[in-house]
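Structure, as structure tokens:
There are 2 protein chains.
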Amino acid sequence: MISTKGRYGLRVMIDLAQNDNGSYIPLKDIADRQEISKKYLEIIVKQMVEGGLIKGLSGKGGGYKLVKKPEKYTVGEILTLLEGTICSVACLADKNYDCPRRKKCETLPMWKEFDGIVHDYLYSKKLSELL
Amino acid sequence: MISTKGRYGLRVMIDLAQNDNGSYIPLKDIADRQEISKKYLEIIVKQMVEGGLIKGLSGKGGGYKLVKKPEKYTVGEILTLLEGTICSVACLADKNYDCPRRKKCETLPMWKEFDGIVHDYLYSKKLSELL
DNA sequence: CCTAAAACCTATTGACACAGTAGGAAATAG
DNA sequence: CTATTTCCTACTGTGTCAATAGGTTTTAGG
Numbered sequence: 004m005i006s007t008k009g010r011y012g013l014r015v016m017i018d019l020a021q022n023d024n025g026s027y028i029p030l031k032d033i034a035d036r037q038e039i040s041k042k043y044l045e046i047i048v049k050q051m052v053e054g055g056l057i058k059g060l061s062g063k064g065g066g067y068k069l070v071k072k073p074e075k076y077t078v079g080e081i082l083t084l085l086e087g088t089i090c091s092v093a094c095l096a097d098k099n100y101d102c103p104r105r106k107k108c109e110t111l112p113m114w115k116e117f118d119g120i121v122h123d124y125l126y127s128k129k130l131s132e133l134l
Numbered sequence: 004m005i006s007t008k009g010r011y012g013l014r015v016m017i018d019l020a021q022n023d024n025g026s027y028i029p030l031k032d033i034a035d036r037q038e039i040s041k042k043y044l045e046i047i048v049k050q051m052v053e054g055g056l057i058k059g060l061s062g063k064g065g066g067y068k069l070v071k072k073p074e075k076y077t078v079g080e081i082l083t084l085l086e087g088t089i090c091s092v093a094c095l096a097d098k099n100y101d102c103p104r105r106k107k108c109e110t111l112p113m114w115k116e117f118d119g120i121v122h123d124y125l126y127s128k129k130l131s132e133l134l
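Chains as they are written, first to last, in our numbering: chain A, 4 to 134; chain W, 4 to 134.
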């Protein structure tokens, strides 16, 4: 289940794309438009800056802006950054984890196939398609 | 993310299908084969009995068995029973919930589409395909 | 009838993540 | 110099997850 972090973050990205006028957009405006606590958005937006998804500028006239064109972002990369990993099951989430039942597990192939479908959908969906 | 409840429950179903000899299969055997705590499985299996997925018989010679043929179960129905709901986002999980932003939400259509894909996959996958 | 084996039932717990809140420090344009 | 804005650290209540624990009831077979 995608948490508010991922959902809100995605909405911030859409908001930034829709209101892009070349300059930086203050978080307050986004919070007002999206009806989300600005304080909470700060946490999310910080992660997005650190992850290189957007850039921020402090001080008056500051705010946030996209670093790429909307069609260059995929929903998958946005959600992965905020959710940590988009995986249906824990066995696949941690790539280093080596399940002792890996060889005989009857469900693993299905989870892999399922994960592939989810992945394909989210990484083919562009931010620009949501505007 | 599918929790252990759903994953273990699915494995119990597979185990019951694979070891079906007409009589009841004790949980201890399943727990041993699947290498899962029997105590924990009790909780999961109880839910599956209440949900009508399997039936149990107390006493010596008792255990659990499927109520339908493996090809009559879908992975979706099994997971839905154990996970409560298989929904990617909270907005769609509770059918009675009426989001105030429903009309203007730019992300809702995508979540619906995504949910549809997930649903389609899980409800078309039969238990018998996992044996 | 007795006993062993099994399901069934209630309660508890430690750890962790989620969804925020709070208060201030640093940066920057005008 | 000041108002605005990001940036940073810390805290907190709530809930779920993943079990564990200890018992009671049911049932088949000797």
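Ideal placement from N, C-alpha and C gives every residue a C-beta, glycine not left out.
Fill in: Option nearest Gln50/A by Cα separation, candidates Asp23/A, Tyr27/A, Val15/A
Val15/A
Worksheet item: Using a Cβ-Cβ cut-off of 7 Å (strictly less than) and excluding sequence neighbours within five positions of Gly54/A, which residues of its own chain qualify?
Response: Leu84
Worksheet item: At what residue ranges does the segment 45–106 of chain A contain a whole run of the alpha helix (DSSP H), taking only runs of 4 or more?
Response: 78–86, 93–96
Practice prompt. Starting from Leu13/A, find everything on chain W with Cβ-Cβ shorter than 7 Å and list it in chain order.
Written response: Thr110
Worksheet item: Should Cys90/W go down as buried or exposed, given a rule of 16 or more other Cβ atoms within 10 Å for buried?
Response: buried
Worksheet item: Got a sec, what are the start and stop residues for the alpha helix (DSSP H) Tyr124/A sits in?
Response: 111–127
Practice prompt. Identify the continuous alpha helix (DSSP H) that holds Met16/A and give its terminal residues.
Written response: 7–21
Worksheet item: Which of the residues in the segment 94–121 of chain A, read from start to end, lie with their CB under 9 Å from any CB of chain W?
Response: Cys94, Ala96, Pro103, Arg104, Cys108, Glu109, Thr110, Pro112, Met113, Trp114, Glu116, Phe117, Ile120, Val121
Worksheet item: For the alpha helix (DSSP H) that Leu30/A lies in, which residues bound it at each end?
Response: 30–37
Worksheet item: Below 9 Å between beta carbons: does that hold for Ile57/A and Lys75/A?
Response: no
Item to complete: Please state whether DSSP places Tyr27/A in a helix, a strand or coil.
Response: coil
Discussion item. To the nearest angstrom, how far is the alpha carbon of Glu38/W from that of Glu116/W?
Written reply: 37 Å
Worksheet entry | Interface flag, Val92/A vs chain W, CB-CB below 9 Å | yes
Practice prompt. Might you give, ordered along the chain, the residues of its own chain that have their beta carbon closer than 7 Å to the beta carbon of Val92/A, omitting 5 neighbours on each side?
Written response: Trp114
Worksheet item: Which residues, in order along the segment 33–48 of chain A, keep a beta-carbon less than 8 Å from a beta-carbon of chain W?
Response: Glu38
Worksheet item: chain A beta carbons: is any one of them nearer than 9 Å to that of Glu80/W?
Response: no
Worksheet item: Under 7 Å Cβ-Cβ, which residues of chain A neighbour Tyr124/W?
Response: Phe117, Ile120
Worksheet item: With burial defined as no fewer than 16 other Cβ atoms inside 10 Å of the residue's Cβ, what is the status of Thr110/A: buried or exposed?
Response: buried
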